[in-house]
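K.L.:
Take this structure, written in structure tokens, and hold onto it; I'll ask about it next.
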Amino acid sequence: MNRLAEIAWWCSGTLGQPWRWEYRPLVGVWLLVAGLGLAYVRSLRRHAAEAGGEPAPATRHYARRFGAGLALLIVSSDWPLGPLGAGYLASVAALRTLLLTFGVAPLLLLGTPPWMLRRLLRIGSRADGRPGAVFTLVRLVTLPWVAFLVFNCMLVVTQLPPVVDTLKVTQLGSFVLDIAWLAASIIMWVPLLRPLPELGGLGDPMRLLYLFGLSILPTVPASFLTFSRFPLYRLYELAPRVVPSLDAVVDQQIAGLGLKIVGGIILWSVMTVLFFRWAAREQPGAVPTVSWSQFERDLERYDLRHRREQPPSP
Amino acid sequence: MGIRMAAFSRIQLLLVALVVVAACTPTTTTATLHAAQDTADRLPGWNGVAVDGAPRMPAQVFTDADGRPYDLRAAMRERPTLVYFGYTSCPDICPVHLANIAAALDVSSVRDSQLNVVFVTVDPRRDTTEVLADYVASFDASFTALRAAQGDVDRVVTELGLPAPVIEQGGDNYTVGHPSQVLAFDRDATARVAYPFGTRQSQWVEDLPKLVREDWS
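Taken in order, these protein sequences are the chains called A and B.
Numbered per numbering that gives the first Met the number 0, the first sequence spans residues 0 to 313.
Numbered per numbering that gives the first Met the number 0, the second sequence spans residues 0 to 216.
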């Protein structure tokens, strides 16, 4: 009975309870991942059935990425990283932020086939085919400047001490913070990854500028964490020590530096890759090379496979 | 097929509802601790609360970490003193309190010679002088660690109006229930301010100079 009472549904601050290196699954995390996984598989099957029983060639490619995103979601949110970050160590909270932003969000987005995204965006669409509220809202928040604003505002808000100290100490608040951050991260990636032509996206030079901006603005909250004389968060300051030699200020400094340095390295690495790809394409006489799998994905992205498979009209 | 699909959707809805409802469950310990901190009646101008009845430190000669007799009440005449009753195996509150005081002393203008920080063990069975010496040194070498017979410690704690220590679990790895506040004594050995668990480093930095000045107004 005591074991049952100890089950935590979502990772939240547990001030006053000493940390134990004893596996305790977070039921809500597993339920969320199972729900997403089941919905994904069900959607794939339905789509395959509609296409005559054969899954599209690119499906496995997408499924692998989506599966990796879900696996990373479990790693970042279940024991030990979830509860450690939610209630004990600011540095682990920063690590979770990095995993959700640069791992889970892009993998889930890259793992969702375009037809599935379109189906999601069609929710609430009108009978005459005009876009509904979902598409209009998603189109708005994924406009590059809006996405940039949403992501950075969310970054600041979710790092504010009153927000963290108030929300992270309840399972609902912690859940809301995690989901809000994941949603903001997905929104941030849409203009870069351009999953659907109808959602728009950025050209190569603007993508570099967008990434540059993303690498600069988070410096502000990261600096507060790094250079503050005192612990900013009551939650982490008063939490029982996990590592006796790691005091709250040093833990906070590691969090700030981690967000800045690791986040910066990732963003600048992506910028470097994009820059060289762009430069290669701009070379005079350069012949674009497209792999077959890329071609398959592009067919889906532009919704051309379905049209090709339509029977010719009489 | 339609029935199966409907059942499947219901299961998904149920899963989502479970997540949401489950996520609403508050973490009781946390909520209670924060509520206690927020509702504490602070002394005007201080980050601590008034000590009921302003009790004096009872007469008791302890043993310090070097094994020498230590008259705490007599020592209080030399400088203001912070006293905390805890134990070295304490997994949560004790190390946080001591670490926060040590960190605040590092950044405040108060020197070690101006304030005595005393840790009195409520678990003399396990906290030998050697254990105590290592423990307090891990926070701040200037901290004083004291022990006495269990009955004497219980009496001192009770006479100060604090709840007596309670051994909460059996076996060698037992935990001890003990007062969670740090008491600030003036040079007359009178407890003036109590700092509950939840007092932050920045609050200590604000109050330490006032404690040294004995600015009780």
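No residue lacks a Cβ here, since even glycine has one placed at the ideal position from N, Cα and C.
Quick caveat, the model's predicted, so the values are computed rather than measured.
I'd like to know whether the C-beta atoms of Arg146(B) and Asp126(B) end up nearer to each other than 9 Å.
P.N.:
Taking the second sequence and counting its residues from 1, one reaches residue 146(B) at position 147. Taking the second sequence and counting its residues from 1, one reaches residue 126(B) at position 127. For Arg146(B) and Asp126(B), yes; Cβs fall inside 9 Å.
K.L.:
Whole angstroms is fine: what's the gap from Arg186(B)'s alpha carbon to Ile92(B)'s?
P.N.:
Numbered from its first residue, the second sequence carries residue 186(B) at position 187. Numbered from its first residue, the second sequence carries residue 92(B) at position 93. Each residue's alpha carbon lies about 27 Å from the other.
K.L.:
Tell me, please, whether the CB atom of Gln16(A) is closer than 9 Å to any CB atom in chain B?
P.N.:
Here residue 16(A) refers to the residue found at position 17 of the first sequence. Chain B contact via Cβ: present.
K.L.:
Taking C-beta to C-beta, are Leu99(A) and Trp188(A) nearer than 9 Å?
P.N.:
Sequence index remark: in the first sequence, residue 99(A) carries index 100 (1-based). Sequence index remark: in the first sequence, residue 188(A) carries index 189 (1-based). Cβ atoms of Leu99(A) and Trp188(A): not closer than 9 Å.
K.L.:
Which runs of the beta strand (DSSP E) fall wholly inside the stretch 91-152 of chain B and span at least 3 residues, in chain order?
P.N.:
Segments of the beta strand (DSSP E) lying fully in the stretch 91-152 of chain B: 115-120 and 143-146.
K.L.:
With a threshold of 8 Å, are at least 3 pairs of Cβ atoms found where one atom belongs to the stretch 83-92 of chain B and the other to the stretch 110-121 of chain B?
P.N.:
Because the criterion of three Cβ pairs below 8 Å is met, the stretch 83-92 of chain B and the stretch 110-121 of chain B touch.
K.L.:
Compare the C-beta of Glu236(A) with all C-beta atoms of chain B and state if any pair is closer than 9 Å.
P.N.:
In the first sequence, residue 236(A) corresponds to position 237, counting from 1. By this cut-off, Glu236(A) is an interface position.
K.L.:
Under 8 Å Cβ to Cβ from Phe184(B), same chain only, skipping five residues before and after it: list those, please.
P.N.:
As a working mapping, residue 184(B) is identified with position 185 in the second sequence. Within the same chain, Phe184(B) has close Cβ partners Met56, Met75, Pro79, Thr80, Leu81, Val82, Ala190 and Arg191.
K.L.:
Going along the chain, which residues of its own chain have a beta-carbon closer than 7 Å to the beta-carbon of Gln113(B), five neighbours each way excluded?
P.N.:
Within the second sequence, the letter at position 114 stands for residue 113(B). Only Arg78 and Val211 meet the Cβ criterion.
K.L.:
Counting pairs of beta carbons, one from the stretch 63-77 of chain A and one from the stretch 161-169 of chain A, are three or more of them closer than 8 Å?
P.N.:
Short answer: they don't touch.
K.L.:
Return the CA-CA distance between Gly1(B) and Ile122(A), expressed in angstroms with no decimal places.
P.N.:
As a position in the second sequence, residue 1(B) is number 2, starting the count at 1. As a position in the first sequence, residue 122(A) is number 123, starting the count at 1. In this prediction, Gly1(B) scores a pLDDT of 49, lower than 50, which makes its location untrustworthy; no coordinate-derived value is stated.
K.L.:
Could you give the residue range of the beta strand (DSSP E) that holds Arg191(B)?
P.N.:
In the second sequence, the residue the question calls residue 191(B) occupies position 192. Note, Arg191(B): beta strand (DSSP E), Ala190 to Tyr194.
K.L.:
Return the chain-ordered list of same chain residues with a C-beta closer than 6 Å to the C-beta of Leu32(B), the five sequence neighbours on each side being excluded.
P.N.:
Numbered from its first residue, the second sequence carries residue 32(B) at position 33. Annotation note: pLDDT 41 at Leu32(B) (below 50); position unreliable, coordinate value reported separately. For Leu32(B), where only same-chain residues beyond five positions count, there are no Cβ hits under 6 Å.
K.L.:
Just the Cα atoms here: how many angstroms apart are Asp214(B) and Ser107(B)?
P.N.:
By 1-based counting over the second sequence, the position of residue 214(B) is 215. By 1-based counting over the second sequence, the position of residue 107(B) is 108. Straight-line Cα distance between these residues: approximately 17 Å.
K.L.:
Verify whether the separation of the beta carbon atoms of Leu19(A) and Ala7(A) is less than 9 Å.
P.N.:
Here residue 19(A) refers to the residue found at position 20 of the first sequence. Here residue 7(A) refers to the residue found at position 8 of the first sequence. Inspection of the sequence shows that residue 19(A) is occupied by Arg rather than by Leu. No, the pair does not count as a contact, with Cβ atoms beyond the cut-off.
K.L.:
With a threshold of 9 Å between beta carbons, is Arg199(B) in contact with chain A?
P.N.:
Here the question's residue 199(B) lines up with position 200 in the second sequence. For Arg199(B), the answer is yes, since a Cβ of chain A falls inside 9 Å of its Cβ.
K.L.:
Val242(A): which of Val91(A), Gly81(A), Gly12(A) and Leu31(A) sits nearest, CA to CA?
P.N.:
Taking the first residue of the first sequence as position 1, residue 242(A) is located at position 243. Of the listed residues, the one whose Cα sits closest to Val242(A) is Val91(A).
K.L.:
Determine the direct distance from the alpha carbon of Leu176(A) to that of Val26(A), and round the result to whole angstroms.
P.N.:
Numbered from its first residue, the first sequence carries residue 26(A) at position 27. Numbered from its first residue, the first sequence carries residue 176(A) at position 177. In a straight line, the C-alpha of Val26(A) is about 17 Å away from that of Leu176(A).
K.L.:
Using DSSP with H/G/I as helix, E/B as strand and the rest coil, what is Leu198(A)?
P.N.:
Translated into positions along the first sequence, residue 198(A) becomes position 199. Leu198(A) falls in the helix class under three-state DSSP.
K.L.:
Is it buried or exposed for Thr96(A), if we count other Cβ within 10 angstroms and need 16 for buried?
P.N.:
As a first step, residue 96(A) is located in the first sequence; it is residue number 97 there, counting from the start. So Thr96(A) counts as buried.
K.L.:
Apart from the five residues on each side of it in sequence, which residues of its chain come closer than 7 Å, Cβ to Cβ, to Pro178(B)?
P.N.:
Mapped onto the second sequence, residue 178(B) falls at position 179. Same-chain partners within the cutoff: Phe84, Val156, Leu161 and Pro162.
K.L.:
Going by beta carbon distance, what residues of the same chain come within less than 7 Å of Ala183(A), once the five residues before and after it are set aside?
P.N.:
Start at 1 with the first residue of the first sequence, and residue 183(A) comes out as number 184. Answer for Ala183(A): Val149, Phe150 and Met153, listed in chain order.
K.L.:
Using the rule of at least 16 other Cβ atoms within 10 Å of the residue's Cβ for burial, across every protein chain shown, is Asp246(A) buried or exposed?
P.N.:
Against the first sequence, residue 246(A) aligns to sequence position 247. By the 10 Å Cβ count, Asp246(A) comes out buried.
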